[in-house]
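S.K.:
Protein chains: 4
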Amino acid sequence: MPNRKFDLKKQPLQERAKFTVDVIKQAGIHILREQGYAGVTTNKVAEKAGVSIGSLYQYFPSKEVLVAEIKRDHFCQLRQLFQQAYDDTAGQALPERAKAFVMASIDAHRLDPVLHSVLNTDLPDFEVKEDDDSAVSVRKWIEKLLDDHRHEIRDGVSIAVAARLSYSLVEAILHDAVSHAPESLEDASFVDEVVLMLLAYLKPAPTG
Amino acid sequence: MPNRKFDLKKQPLQERAKFTVDVIKQAGIHILREQGYAGVTTNKVAEKAGVSIGSLYQYFPSKEVLVAEIKRDHFCQLRQLFQQAYDDTAGQALPERAKAFVMASIDAHRLDPVLHSVLNTDLPDFEVKEDDDSAVSVRKWIEKLLDDHRHEIRDGVSIAVAARLSYSLVEAILHDAVSHAPESLEDASFVDEVVLMLLAYLKPAPTG
Amino acid sequence: MPNRKFDLKKQPLQERAKFTVDVIKQAGIHILREQGYAGVTTNKVAEKAGVSIGSLYQYFPSKEVLVAEIKRDHFCQLRQLFQQAYDDTAGQALPERAKAFVMASIDAHRLDPVLHSVLNTDLPDFEVKEDDDSAVSVRKWIEKLLDDHRHEIRDGVSIAVAARLSYSLVEAILHDAVSHAPESLEDASFVDEVVLMLLAYLKPAPTG
Amino acid sequence: MPNRKFDLKKQPLQERAKFTVDVIKQAGIHILREQGYAGVTTNKVAEKAGVSIGSLYQYFPSKEVLVAEIKRDHFCQLRQLFQQAYDDTAGQALPERAKAFVMASIDAHRLDPVLHSVLNTDLPDFEVKEDDDSAVSVRKWIEKLLDDHRHEIRDGVSIAVAARLSYSLVEAILHDAVSHAPESLEDASFVDEVVLMLLAYLKPAPTG
DNA sequence: AATGAATGAGCTTTCATTCAT
DNA sequence: TATGAATGAAAGCTCATTCAT
Numbered sequence: 646m647p648n649r650k651f652d653l654k655k656q657p658l659q660e661r662a663k664f665t666v667d668v669i670k671q672a673g674i675h676i677l678r679e680q681g682y683a684g685v686t687t688n689k690v691a692e693k694a695g696v697s698i699g700s701l702y703q704y705f706p707s708k709e710v711l712v713a714e715i716k717r718d719h720f721c722q723l724r725q726l727f728q729q730a731y732d733d734t735a736g737q738a739l740p741e742r743a744k745a746f747v748m749a750s751i752d753a754h755r756l757d758p759v760l761h762s763v764l765n766t767d768l769p770d771f772e773v774k775e776d777d778d779s780a781v782s783v784r785k786w787i788e789k790l791l792d793d794h795r796h797e798i799r800d801g802v803s804i805a806v807a808a809r810l811s812y813s814l815v816e817a818i819l820h821d822a823v824s825h826a827p828e829s830l831e832d833a834s835f836v837d838e839v840v841l842m843l844l845a846y847l848k849p850a851p852t853g
Numbered sequence: 646m647p648n649r650k651f652d653l654k655k656q657p658l659q660e661r662a663k664f665t666v667d668v669i670k671q672a673g674i675h676i677l678r679e680q681g682y683a684g685v686t687t688n689k690v691a692e693k694a695g696v697s698i699g700s701l702y703q704y705f706p707s708k709e710v711l712v713a714e715i716k717r718d719h720f721c722q723l724r725q726l727f728q729q730a731y732d733d734t735a736g737q738a739l740p741e742r743a744k745a746f747v748m749a750s751i752d753a754h755r756l757d758p759v760l761h762s763v764l765n766t767d768l769p770d771f772e773v774k775e776d777d778d779s780a781v782s783v784r785k786w787i788e789k790l791l792d793d794h795r796h797e798i799r800d801g802v803s804i805a806v807a808a809r810l811s812y813s814l815v816e817a818i819l820h821d822a823v824s825h826a827p828e829s830l831e832d833a834s835f836v837d838e839v840v841l842m843l844l845a846y847l848k849p850a851p852t853g
Numbered sequence: 646m647p648n649r650k651f652d653l654k655k656q657p658l659q660e661r662a663k664f665t666v667d668v669i670k671q672a673g674i675h676i677l678r679e680q681g682y683a684g685v686t687t688n689k690v691a692e693k694a695g696v697s698i699g700s701l702y703q704y705f706p707s708k709e710v711l712v713a714e715i716k717r718d719h720f721c722q723l724r725q726l727f728q729q730a731y732d733d734t735a736g737q738a739l740p741e742r743a744k745a746f747v748m749a750s751i752d753a754h755r756l757d758p759v760l761h762s763v764l765n766t767d768l769p770d771f772e773v774k775e776d777d778d779s780a781v782s783v784r785k786w787i788e789k790l791l792d793d794h795r796h797e798i799r800d801g802v803s804i805a806v807a808a809r810l811s812y813s814l815v816e817a818i819l820h821d822a823v824s825h826a827p828e829s830l831e832d833a834s835f836v837d838e839v840v841l842m843l844l845a846y847l848k849p850a851p852t853g
Numbered sequence: 646m647p648n649r650k651f652d653l654k655k656q657p658l659q660e661r662a663k664f665t666v667d668v669i670k671q672a673g674i675h676i677l678r679e680q681g682y683a684g685v686t687t688n689k690v691a692e693k694a695g696v697s698i699g700s701l702y703q704y705f706p707s708k709e710v711l712v713a714e715i716k717r718d719h720f721c722q723l724r725q726l727f728q729q730a731y732d733d734t735a736g737q738a739l740p741e742r743a744k745a746f747v748m749a750s751i752d753a754h755r756l757d758p759v760l761h762s763v764l765n766t767d768l769p770d771f772e773v774k775e776d777d778d779s780a781v782s783v784r785k786w787i788e789k790l791l792d793d794h795r796h797e798i799r800d801g802v803s804i805a806v807a808a809r810l811s812y813s814l815v816e817a818i819l820h821d822a823v824s825h826a827p828e829s830l831e832d833a834s835f836v837d838e839v840v841l842m843l844l845a846y847l848k849p850a851p852t853g
């Protein structure tokens, strides 16, 4: 992947090296969760990981790359959830598929809510490289789904915009829910409500 | 409460001091806009403002307070917009009032879109003090409006929650629009679409 | 007094000015007591005194001079106590006079124990100008007294050395007492014990 | 207690690190001697030591800890002198043992007189942590000795108090001697005089 | 005389990064 | 390869002092 902005310094070909890379990422995740991005220092990460600072720099050429890798991994998991939701509901109607997506979003937030929120709100902008932003690939699946149902969506809005807005919408609601009423994520009626809202946006009926 | 941790160190008494405070805030805003919160350093702000670092600390006991003051000022302007929207539409129907609010939000984003987004997404949490968080007073006016129309809103959701979500929702959409399609803010149909969405949330009609 | 290292910038001839000088000194003393020498800053002193920082510098050309003035005043009071003890016991025997001096020392410590200890132990050396060191004039009176009784003191020790050692001795004991058993200052038998000790030094009897 | 506030940040593992720690302490001692505690700044110490400021903070988490370490080292040497004096005179009479202690004190002052006096008089109180204050362990040996001879000491004074006062006494005298007549430390009769004084305190004979 | 706004050298401390071993 | 000692730019902040008003 030559067009990635930051490459890993060295592909960990050996078992030992792969393990080290993993241990370092786990330590980074731990500190991100506990202390946010501002709390991450390479020295702390190396210590927590039980490796020398030199080793960390063997595999991650900078702090930014380390965090970017962690973010990429996380969004890769998210993408899989959405991909799964897409595949699992192939052929079904829009409401069912929308529900599957909302539930995938909720699962995503359950994976590691604190990390998710740190990665989404606590990272300086320069952390996000356009083609690195895995949110993109998450949205790809939403676009695919909306495109499958493009005739059920109201006119005058592009699929790309609708996908982006749908994602923002659900993220905003879930972010809010996680912060202020985390138990609602487990509440079945909450899911239905969000789905309703999403559908209302995608194909609003007259409100009168 | 003159000893609040997040108060100014010293009230500017003379004209010259008021000017200095202002110049410092403007410099802070400038750097926030250009380089985000992480880019703000007291030395850079002082230099940009053309005052000594000592003068900065004469009025702002810490970097955090400076940013908090800037945030307070900004949200104070927002609150006025929302208050105006509330007052101007007193007695009208929910759709009209919702539209007034959405337009107020858009105006808010036009005030200083980049600053707005930095203040909303780039600030560490500790920046937000409970009674200092001016987003609260913005929400107060949304709550007031929703409360006026509480019978037109679907059951099972508290006014407070609905207000928070409405705000998050509109913010998320506008944030997205500002980043990816800033011209849409000027598009009349965009406003209508957002209003539709908001109403769909507040009182969804059967989508069947 | 042209040979004083630091002169007051200006003799306070007017009533108002004298009052200001006093208020500043009192504020300085207060802060010395509460926060030690390290806690003294000219700005804090001026604020505590209720005068502007500019006024402080009108009367005290530097922080060092301010503290030196406070120290001089304090040791001036001490000197008066010792002078009084000398005068009051003129013509009496050594033990009585020694007791008078020890009691004067105790009174000195009672004047302002904390300030005394701060002035004696917490001040950087450069604070002490040879001819400014009012401890000198305190010792002068001890020397005078010992000289009156030079025949009752053992041979082989100069009056100057004996005076200095006597003072160090009593100071060391009292300093220790103030820190670790302040109530002993009020105990009559404590006084007698210190006197005993002092006499034992000045004219030791065979201990066999 | 590996997490004590006043511990070193990191134990030096390699030879090079041990050397660095030492060089830093030596530089700190040098500056303490020349400019007193107020003259100590971490930058000056690092520069004098010829290491980077970062290296200093690698081993000493704060300026305070650095000075505390220097003090600990110094008093450790003192303790050894007193311990030696105690052991060397086991079984002898009080006057001999007292003399041994006074001579140990004199040796202590000869080790590094200026540093000794700076560490004893120029340090802010917060520098002294209860169990860190090595003066305590010096006093322990005096207490041990006095306890061996408790029947030869006058009644009505606890061993602990007597030990503290004896130490203060000898310190005060020597401090004075060092400042005003350093050659007296080499004078045999001076030693005898101090011993006499100490014994006079511990068991005063009637002066009548 | 008095005020207080302004100054800036200098302090303590952090942390991403390098490099000799 | 792995280690960890060393680096030093740069950050936040203090405070004695000056000077325009």
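Residue numbers (the numbering used here), protein chains in the order written: chain A, 646 to 853; chain B, 646 to 853; chain C, 646 to 853; chain D, 646 to 853.
We put the CB at the ideal spot given by N, CA and C, even for glycine.
#1: Whole-angstrom Cβ separation of leucine 830 of chain D and valine 823 of chain D, contact assumed at under 8 Å?
#2: Got a sec? Which residues, its chain only, sit under 8 Å from phenylalanine 835 of chain C by beta carbon, not counting five neighbours each side?
#3: So, does the CB of alanine 683 of chain C fall closer than 9 Å to a CB anywhere in chain D?
#4: Does any residue of chain A have a CB that is nearer than 9 Å to the CB of valine 668 of chain B?
#5: Tell me the rounded alpha-carbon separation between leucine 677 of chain A and valine 685 of chain A.
#6: Please return the same chain residues whose Cβ sits closer than 7 Å to the Cβ of lysine 689 of chain A, not counting the five positions on each side in sequence.
#7: Quick one: measure Cβ to Cβ for leucine 739 of chain C and histidine 794 of chain C, integer angstroms, because I've assumed they're closer than 8 Å.
#8: If we cut at 9 Å on Cβ distances, does tyrosine 702 of chain A have a partner in chain B?
#9: With DSSP as the reference, label aspartate 777 of chain A as helix, strand or coil.
#10: Quick one: which chain D residues come within Cβ less than 7 Å of methionine 748 of chain C?
#11: Check distances from the C-beta atoms of the stretch 809-831 of chain B to those of chain A and list, in chain order, the residues that come in under 8 Å.
#12: Write down the C-beta distance between leucine 814 of chain C and leucine 790 of chain C rounded to the nearest angstrom, noting that I regard them as a contact closer than 8 Å.
#13: Taking the alpha-carbon of alanine 694 of chain A as reference, which of A/Glu741, A/Gly673, A/Lys663 has the nearest alpha-carbon?
#14: Would a check of beta-carbon distances place valine 806 of chain D closer than 9 Å to chain C?
#15: Please list, in chain order, the chain C residues whose beta carbon lies closer than 8 Å to that of threonine 766 of chain D.
#16: Please return the same chain residues whose Cβ sits closer than 8 Å to the Cβ of valine 668 of chain B, not counting the five positions on each side in sequence.
#17: Which residues mark the beginning and the end of the alpha helix (DSSP H) in which isoleucine 798 of chain D is found?
#18: Please determine, among A/Asp757, A/Asp732, A/Arg755, the residue with the shortest C-alpha to C-alpha distance to alanine 745 of chain A.
#19: Counting only beta-carbon separations shorter than 9 Å, does glutamate 838 of chain C have a partner in chain D?
#20: Can you find a CB in chain B that lies within less than 9 Å of the CB of glycine 801 of chain A?
#21: What number of angstroms, rounded off, separates the C-alpha of glycine 699 of chain A from the C-alpha of tyrosine 846 of chain A?
#22: Does chain C have any CB closer than 9 Å to the CB of proline 758 of chain D?
#23: Short of 7 Å in beta carbon distance, which residues of its chain neighbour leucine 760 of chain C, apart from the five on each side in sequence? Order them along the chain.
#24: Along chain A, in chain order, which residues have C-beta atoms closer than 7 Å to that of serine 782 of chain B?
#25: Alpha carbon to alpha carbon, what distance is there between proline 758 of chain B and proline 769 of chain A?
#26: Determine the closest residue to alanine 638 of chain B out of B/Leu711, B/Ala683, B/Gly681, with distance taken between C-alpha atoms.
#27: What are the complete alpha helix (DSSP H) segments, minimum 4 residues, inside the stretch 700-747 of chain B?
#28: Look at the alpha carbon of lysine 848 of chain B and the alpha carbon of glutamate 797 of chain B, and state the distance between them as a whole number of angstroms.
#29: Just verifying my parser: in three-state terms, what is the DSSP assignment at alanine 833 of chain B?
#30: For chain C, is any of its Cβ atoms less than 9 Å away from the one on serine 707 of chain D?
#31: What is the DSSP secondary structure of proline 769 of chain A, counted as helix, strand or coil?
#32: Check the Cβ of serine 697 of chain B against every Cβ in chain A and list those closer than 7 Å, keeping chain order.
#33: How would you write the range of the alpha helix (DSSP H) that serine 697 of chain D sits in, first residue to last?
#34: For alanine 826 of chain A, which three-state DSSP category applies?
#35: Look at the alpha carbon of leucine 756 of chain A and the alpha carbon of tyrosine 702 of chain A, and state the distance between them as a whole number of angstroms.
#36: Out of D/Ile804, D/Cys721, D/Leu764, D/Trp786, which one is the CA nearest neighbour of glutamine 680 of chain D?
M.R.: Looking at the coordinates:
#1: Going by Cβ atoms, the distance from leucine 830 of chain D to valine 823 of chain D rounds to 7 Å, so yes, they are a contact pair.
#2: Ala822, Ser829.
#3: Answer yes: the Cβ-Cβ gap between alanine 683 of chain C and chain D drops below 9 Å somewhere.
#4: By this cut-off, valine 668 of chain B is not an interface position.
#5: Distance between the alpha carbons of leucine 677 of chain A and valine 685 of chain A is about 6 Å.
#6: Excluding positions up to five away in sequence, the list reads Ile676.
#7: Their Cβ separation, rounded to whole angstroms, is 5 Å, which keeps leucine 739 of chain C and histidine 794 of chain C in contact under 8 Å.
#8: Closer than 9 Å: no.
#9: The pLDDT assigned to aspartate 777 of chain A is 49, lower than 50, so where the model puts this residue is not dependable; a value taken from the coordinates is nonetheless given after this. It is helical.
#10: Correct list: empty, because the minimum Cβ distance to chain D is about 18 Å.
#11: Taking 8 Å as the cut-off between beta carbons, the residues of the stretch 809-831 of chain B near chain A are Arg809, Leu810, Ser813, Leu814, Glu816, Ala817, Ile818, His820, Asp821, His825, Ala826, in sequence order.
#12: About 15 Å separates the CB atoms of leucine 814 of chain C and leucine 790 of chain C; that is not less than 8 Å, and the two are not in contact.
#13: That would be A/Gly673, whose Cα lies nearest to the Cα of alanine 694 of chain A.
#14: Yes, contact with chain C.
#15: Those within 8 Å of threonine 766 of chain D in chain C are Thr766.
#16: Cβ neighbours of valine 668 of chain B beyond the five flanking positions: Ala694, Gly695, Val696.
#17: Annotation for isoleucine 798 of chain D: no alpha helix (DSSP H) segment contains it, and DSSP assigns it neither H nor E.
#18: Between alanine 745 of chain A and the set A/Asp757, A/Asp732, A/Arg755, the nearest pair of CA atoms involves A/Asp732.
#19: In terms of beta-carbon proximity, glutamate 838 of chain C lines the interface with chain D, with at least one pair separated by less than 9 Å.
#20: Contacts with chain B at 9 Å (Cβ-Cβ) include glycine 801 of chain A.
#21: Looking at the two C-alpha atoms, the distance is approximately 52 Å.
#22: Not an interface residue.
#23: Answer for leucine 760 of chain C: Ile674, Leu677, Arg678, His719, listed in chain order.
#24: For serine 782 of chain B, there are no C-beta contacts with chain A under 7 Å, since the nearest C-beta of that chain is about 18 Å from it.
#25: About 17 Å.
#26: Since the first and last residues shown for chain B are 646 and 853, residue 638 of chain B lies out of range.
#27: Whole alpha helix (DSSP H) segments, 4+ residues: 708-733.
#28: Rounded to the nearest angstrom, the two C-alpha atoms are 7 Å apart.
#29: In the structure shown, alanine 833 of chain B adopts helical secondary structure according to DSSP, grouped into three states.
#30: No, serine 707 of chain D lies away from the interface with chain C (no Cβ there is under 9 Å from its Cβ).
#31: Judged by DSSP in its simplified three-state form, proline 769 of chain A adopts coil rather than helix or strand.
#32: Counting only Cβ-Cβ distances below 7 Å, serine 697 of chain B has no contacts in chain A at all, with the closest Cβ about 27 Å away.
#33: Run containing serine 697 of chain D: none; DSSP gives neither H nor E here.
#34: Here alanine 826 of chain A sits in coil by DSSP.
#35: In this model, leucine 756 of chain A and tyrosine 702 of chain A are separated by some 28 Å (Cα to Cα).
#36: Selection D/Ile804, D/Cys721, D/Leu764, D/Trp786 evaluated against glutamine 680 of chain D yields D/Leu764 as nearest (Cα-Cα).
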